[in-house]
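Structure record follows, encoded as structure tokens.
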Amino acid sequence: MEIPEGESVKGRVGTVGYMAPEVIDNEKYSYSTDWFSFGCLVFEMIEGQAPFRARKEKVKREVVDRRVKFEDEKYSHKFTEEAKSLCKQLLMKSCKTRLGCHCGRYGAREVKQQDFFKTINWKRLEAGVEDPPFKPDPHAVYAKDVLDIEQFSTVKGVNLDATDDTFYTKFNTGSVSIPWQYEMIETGCYKELNVFGPNKSRSPDLILDLTPEPEKTGCFPFSRRKTQSARSKPVPIMDSCFLNKQNKITDEIQS
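Numbering (the working numbering), first residue to last: 4 to 258.
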């Protein structure tokens, strides 16, 4: 979504634990929420878990929202002073003091000037010539166990052949880290996808050979014939041949 310069929007949309306080309070906002979410992402990439929700922690949404609004995040030894400074400024509760929120749509310039990014050549990075610190194997699936994926999918009993293997090797599945997979599973975002039929059977939309139900009709499946007024009915016109035959028949009868 693109927000025009100087304008704002309103609405609660986002992932629990990543939404800024102004989103939780249903206030108007613009780019400030993006920088708060970016701070959550940087924190998680360093610590290995989100700043306001521990891994495998079963808490309600209201509890996480309260932490986002009122509690400060905790930093371990994994954070350097530069990383801690960056995250603290991005995770400010007020958008008026938050990093990146003072220049409108050009807040990225302010973020790039932080000491945390001092070793990055932004022009080389934008040109795509900077070497990444990690290159995932495109032929590898970074999942701990295939059962971790199977239990969150309603599609089962699908066999892949050699053609499918060749096709799926083009997908860079290695970019999905195991901790991120666990994080997504723990948020419960897949629950709405696990819709089964009776006795855990497949849902009707996944049964390809299922005959579709016939369209419902009323008690009277016929349509009433539209009557035509006498004025709109065509008037038959008799031609000269027909009139000659009629006159000849009349003369024969009279004679």
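Virtual Cβ for every residue (Gly too), placed ideally from N, Cα, C.
Just so you know, these numbers come straight off a predicted model, no measurement behind them.
For the ligand ZN, any of its heavy atoms closer than 7 Å to the Cβ of residue i?
i, result
"Ser204", "In the structure on display, the ligand ZN does not appear, and there are no ligands present to speak of."
Cα-Cα, which of the options is closest to residue i?
i, options, result
"Ile49", "Glu133, Thr83 and Gly103", "Thr83"
"Glu25", "Arg69, Glu8 and Ser204", "Arg69"
"Asp28", "Val71, Gly9 and Gln52", "Val71"
"Thr169", "Trp183, His142 and Gln184", "His142"
"Gly14", "Asp118, Gly20, Arg56 and Glu30", "Glu30"
"Lys59", "Gln184, Leu213 and Asp134", "Gln184"
"Glu133", "Pro139, Asp140 and Ile123", "Ile123"
"Cys90", "Asn202, Val114 and Ser204", "Val114"
"Glu74", "Val66, His80 and Lys81", "Val66"
Classify residue i as helix, strand or coil using the three-state DSSP reduction.
i, result
"Val16", "coil"
"Tyr32", "strand"
"Phe41", "helix"
"Leu93", "helix"
"Thr214", "coil"
"Val66", "helix"
"Thr166", "helix"
"Ser79", "coil"
"Arg108", "helix"
"Val202", "Per the sequence shown, the amino acid found at residue 202 is Asn instead of Val. Helix, per DSSP."
Based on the DSSP output, what are the partners of residue i in its beta bridges?
i, result
"Arg56", "Ala53"
Ordered along the chain, which non-local residues of its own chain (more than five positions away) have a Cβ less than 6 Å from that of residue i?
i, result
"Arg64", "Val19"
"Tyr21", "Ser40 and Cys43"
"Ser97", "none"
"Asp118", "Glu85"
"Lys77", "none"
"Ser156", "In this predicted model, Ser156 has a pLDDT of only 46, less than 50, meaning its place in the structure is not dependable enough to derive any value."
"Thr166", "none"
"Leu23", "In the sequence as presented, Leu is not what sits at residue 23; that position holds Ala. Cβ within range, chain order: Thr36 and Phe39."
Within its chain, find whatever has a CB closer than 8 Å to the CB of residue i; leave out the 5 residues flanking it on each side and keep chain order.
i, result
"Glu186", "Glu47, Gln52, Ala53 and Arg58"
Kindly confirm or deny that the segment 93-108 and the segment 32-44 touch, where touching means at least three C-beta pairs closer than 8 Å. In short, these stretches touch, since the Cβ pair count reaches three.
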